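In the working numbering, the protein residues as written are 125 to 259. Where a beta carbon is used, it is the ideal one built from N, C-alpha and C, also for glycine. Keep in mind the model is a prediction, meaning the values are calculated, not measured. Take a look at the structure set out below.
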Ligand SMILES: [Zn+2]
């Protein structure tokens, strides 16, 4: 069985919620590095957060599930700047062209491409790296 990383979380609660959602939908999944992150949050950037892995065959279905849940959640969050609920997700996958950067990513994250995610308010165009808390 092949497991593939679907997401990484810097928060145990979120990782756990996502995992619960997978289990409810009969998707085999596992967490990686959750102990390191929970015990010492300062190590979090070094290990790249808590990784959620799903079985390769379920990957596409799992991605769709996470996107849907996230979009539903975002609809209820008001932008801290303009107070309008128009926050959307901006995802980026960076694949470095040179060998050494790819190697560095491979060592740090276990894969050559890195993934970054931001949130943008489409009303005032403000970008957030972390999801603003819901009020
Ligand atoms: Zn805004």
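- In the same chain as residue 152, and ignoring 5 residues on each side of it, the C-beta atoms closer than 6 Å to its own belong to 179, in chain order.
- Between ligand 1 and residue 209, a heavy atom-to-CB distance of less than 7 Å is absent.
- Under the three-state reduction of DSSP output, residue 238 falls in the strand class.
- Remark: the C-beta of residue 132 is outside contact range of ligand 1, defined as less than 7 Å to any heavy atom.
- For the region 127–210, the continuous alpha helix (DSSP H) assignments of 4+ residues that do not extend past its boundaries occur at 136–148, 158–163, 168–171, 183–198, in sequence order.
- Boundaries for residue 250: no alpha helix (DSSP H) harbours it, and the DSSP string shows neither H nor E there.
- About 6 Å separates the Cβ atoms of residue 201 and residue 209, confirming a contact at the 8 Å cut-off.
- Short of 6 Å from the beta carbon of residue 230, and not among the five residues preceding or following it, lie these beta carbons of its own chain, in chain order: 236.
- When the Cα atoms are used, residue 157 and residue 194 turn out to be separated by approximately 22 Å.
- Nearest to residue 204 by alpha-carbon distance, out of 138, 249, 154, is 249.
- Counting only the Cα atoms, residue 222 lies some 28 Å from residue 213.
- Here residue 146 is buried: its Cβ has 16 or more other Cβ atoms, across all protein chains shown, within 10 Å.
- Judged by their CB atoms, residue 173 and residue 136 are not nearer to each other than the 8 Å cut-off.
- With respect to residue 176, residue 155 sits close: the two C-beta atoms are nearer than 8 Å.
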